[in-house]
Each structure stands twice: as structure tokens, then as C-alpha cells.
Amino acid sequence: MTAELELRLNQPSVMEKKLLPIIFNPSAGGGRAQRHLGKLRRLLNQFGIAHEIIVSESEAHLCELTRSLAQQRELIVGAGGDSTFHLMANEIIRAGGQAALGLIGLGSSNDIPREFGLTTFDRSLSALQKGQVRKIDLAAIVYEGQVVRHVLGQVNVGLGVAVNEFVASLSSRHRFFGRWQSLAGLLGVIHAFRRHLNLIPLSIQTEKARYQGMFAAAVFSNLRFWATGRLIAASATPDDGCFDLFLLPPISLFSLLRVAYLAQRGKNIEDKNVPRASASSFLVSSSQKFRLQADGEIVKRAGQPLELDHFQLKVIPRCLKIIA
Numbered sequence: 002m003t004a005e006l007e008l009r010l011n012q013p014s015v016m017e018k019k020l021l022p023i024i025f026n027p028s029a030g031g032g033r034a035q036r037h038l039g040k041l042r043r044l045l046n047q048f049g050i051a052h053e054i055i056v057s058e059s060e061a062h063l064c065e066l067t068r069s070l071a072q073q074r075e076l077i078v079g080a081g082g083d084s085t086f087h088l089m090a091n092e093i094i095r096a097g098g099q100a101a102l103g104l105i106g107l108g109s110s111n112d113i114p115r116e117f118g119l120t121t122f123d124r125s126l127s128a129l130q131k132g133q134v135r136k137i138d139l140a141a142i143v144y145e146g147q148v149v150r151h152v153l154g155q156v157n158v159g160l161g162v163a164v165n166e167f168v169a170s171l172s173s174r175h176r177f178f179g180r181w182q183s184l185a186g187l188l189g190v191i192h193a194f195r196r197h198l199n200l201i202p203l204s205i206q207t208e209k210a211r212y213q214g215m216f217a218a219a220v221f222s223n224l225r226f227w228a229t230g231r232l233i234a235a236s237a238t239p240d241d242g243c244f245d246l247f248l249l250p251p252i253s254l255f256s257l258l259r260v261a262y263l264a265q266r267g268k269n270i271e272d273k274n275v276p277r278a279s280a281s282s283f284l285v286s287s288s289q290k291f292r293l294q295a296d297g298e299i300v301k302r303a304g305q306p307l308e309l310d311h312f313q314l315k316v317i318p319r320c321l322k323i324i325a
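In the numbering used here, each number is its position in the sequence shown, counted from 1, plus 1.
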């Protein structure tokens, strides 16, 4: 019998066999992940990894699969994008945090696997072969005394959220833009400037400093990379007990595009007018309601985008195990 199985979790054979469970998200990368399934099968067999591929049917199904497997397995692998890994990390933590997460990047951005050098199938599968476990930080988004979400990579406030929502809407209506995320993002930035969605009043308190004023964006990052490989926090380390804050002040559209271009070329943004900080806790508030983006996902509660005027971001050191 081949080790290659595509089965629903509720089928007994999935739970009885000691094969490496790989949750495959076919909707990752704007639906492009599906075309890579055959190649992934071949490479898994070439690497000699005994496995079972479980295809998720929806976000809720992906979370259900992860939650159930995390209670029974030492290692679960996600094959998808940053949003896939975000959802899986949250379910692993809810299940007690004992299972490790393996990463196979199939998304539009793949900034999370990129941080750990897992930029190709070969590198991801080689890491799974070696099985080296690394403990990394997460951050909890706390609102009204409740943990709303755990974050693996980044939390965005401001411009990034507006662009994310525009891109998601555009890609759902025109599949072409699902394949060309950079172009969709550029159109999203232009849209945000035209609609005056490019500024937000913020107050951010860390253990050592306070930042207050009008900002185009605030990015709280556990990773060096952001928005499809752009270098935003060169000194960020995912296991140092801190997230790095990047605050983008009011900026012209031309200057923003220049910053994005330099970041994509691997140039870290060094500017005395761009505040930066590294901290284990951030208290964020605003005089107006705003939304949050976490690892490419708009943060929701009860199925609806969460609109809030304050939150705390609290780093939980080395609480998630990954294979890297």
C-alpha cells in the first residue's frame, strides 16, 4: 500500500497509521497551491517520507483537522501559505502546544517559511527529514481581557490592513490578481491613498518608550520579512522574547513606493524618521476604530472583522515548536 493517502480525518485509517500528517490547503496562493500537489507527492516519496496528505475543504475544516491531530501527534505539517500556518499555530496552542509544526510554503507571500530558510520544497522536506525542533515566540492579541488570536509572524495596523482587504476583494472578483499579488498590492496602496485610508492616529506604549501621533502603518514583527519578502526588520529574531515595531510616519505615495522597492531589493529601511522598537509587550490605542491584520488574515470575532480602539500585544516566549 502506498504511503500517499488523501483522506478525511474522520476515516479510521488516517488515525491508525503512523504516517506524517500533511494538511494541504488547496486554496493557498489564490488557489494556485492545487497545481503543486503532484510535485509535492513525488518529492515526498523521493525523500522517503512516509506520509498522509489530508486536503482541507475550508478554513473551519483546516482548523478542525489541526486541532484533532495536535492532540494525538508530535508533528503536523502544513502545506499552504502564511495564513495556513497562522491558523494551524493557533489550533496547536489551543490543543496544549505539544505538537510541532512543519512548514511547506505554497502561498502568495511565504514570509513565515522564508524566515527559516524554507524557500523551496527541497529545503522544507530536508528539514522534515532531519526533524530538528526549534522553539519560537508567538504574540497574543489581547482585547478586553481575552486572547483574540496568537500571531506567528506579524500584526499590522493601518495601511497594510486597507491594502490586504482591497487585495482580497480584488482577487475574489478577478482570479488574475490572485496570481499577481504585487500588482494587486500596488493598486491597493493607490486605492488607500485615494480614499484617505493611509493615516491613523496611534498611541503605542512599550516598557521603555511611548510613541504617539499620526502614522501610515504600524507593523509588529517577529520576522525579518514582510509583504512577500520585503526586508522590514533586519534585526528581528523569532526566539528572542520580543517583537520588533516598525512605525511608518505620514508619507507620500511616491516615497512609500520607494520604500517598498528598496525593501524588496533587500535594503533594510534605515531612516531616523521611522521609529523602531523591540519589546515584549505593546499597549496600542487610537481615537478611532481600526482593524488588525495578523499573518495575512484580518482578525475576526464571531466570523466578523474585529473593530477595536485598543489592544495589547503580549509576547509569549518560545511557546511554539516548529521544524526548521
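For glycine and all other residues, C-beta sits at the position ideal for the given N, C-alpha and C. Note that the structure is predicted; figures quoted are calculated from it, not measured.
Query: Strand pairing of residue 278, partner residues [DSSP]; Result: 246
Query: Endpoints, the alpha helix (DSSP H) within which residue 71 is located; Result: 60 to 71
Query: CB of residue 139 within 7 Å of CB of residue 320, strictly; Result: yes
Query: DSSP state of residue 48 mapped onto helix, strand, coil; Result: coil
Query: Option nearest residue 223 by Cα separation, candidates 112, 204, 80; Result: 112
Query: Residue environment, residue 154, which counts as buried when at least 16 other CB atoms sit within 10 Å; Result: buried
Query: CB of residue 207 within 7 Å of CB of residue 100, strictly; Result: no
Query: Same chain only: Cβ atoms within 8 Å of residue 40, ignoring 5 sequence neighbours per side; Result: 122
Query: CA-to-CA distance, residue 302 to residue 147, given in whole angstroms; Result: 11 Å
Query: Through-space distance from residue 95 to residue 131, alpha-carbon basis; Result: 26 Å
Query: Outcome for residue 83 when other beta-carbon atoms lying within 10 angstroms are tallied against a minimum of 16; Result: buried
Query: Option nearest residue 282 by Cα separation, candidates 74, 315, 213; Result: 315
Query: For residue 130, three-class secondary structure by DSSP; Result: helix
Query: Pick from 200, 233, 160, 124 that is closest to residue 215, judged by C-alpha positions; Result: 200
Query: The alpha helix (DSSP H) enclosing residue 80, as first and last residue numbers; Result: Run containing residue 80: none in the alpha helix (DSSP H); it sits in the beta strand (DSSP E), 76 to 81.
Query: DSSP three-state assignment for residue 27, whether helix, strand or coil; Result: coil
Query: For residue 201, the first and last residue of its enclosing beta strand (DSSP E); Result: 201 to 206
Query: Residue burial classification, residue 254 (beta-carbon count within 10 angstroms, cutoff 16); Result: exposed
Query: Rounded Cβ spacing between residue 310 and residue 289 (contact assumed at less than 8 Å); Result: 7 Å
Query: Coarse secondary structure for residue 115, derived from DSSP in three states; Result: helix
Query: Bridge partners - residue 140, DSSP secondary structure assignment; Result: 152, 316
Query: Exposure of residue 275, with buried meaning 16 or more beta-carbon neighbours within 10 Å; Result: exposed
Query: Nearest residue (CA-CA) to residue 23, options 30, 86, 61; Result: 86
Query: CA-to-CA distance, residue 117 to residue 217, given in whole angstroms; Result: 29 Å
Query: Reduced DSSP secondary structure (H/G/I, E/B, other) of residue 123; Result: helix
Query: From 36, 98, 241, residue whose alpha carbon lies closest to that of residue 151; Result: 98
Query: Minimum Cβ-Cβ distance from residue 320 to chain D less than 7 Å; Result: No chain D appears in the structure shown, which is made up of a single protein chain.
Query: Proximity winner among 325, 323, 300, relative to residue 158 (alpha-carbon distances); Result: 300
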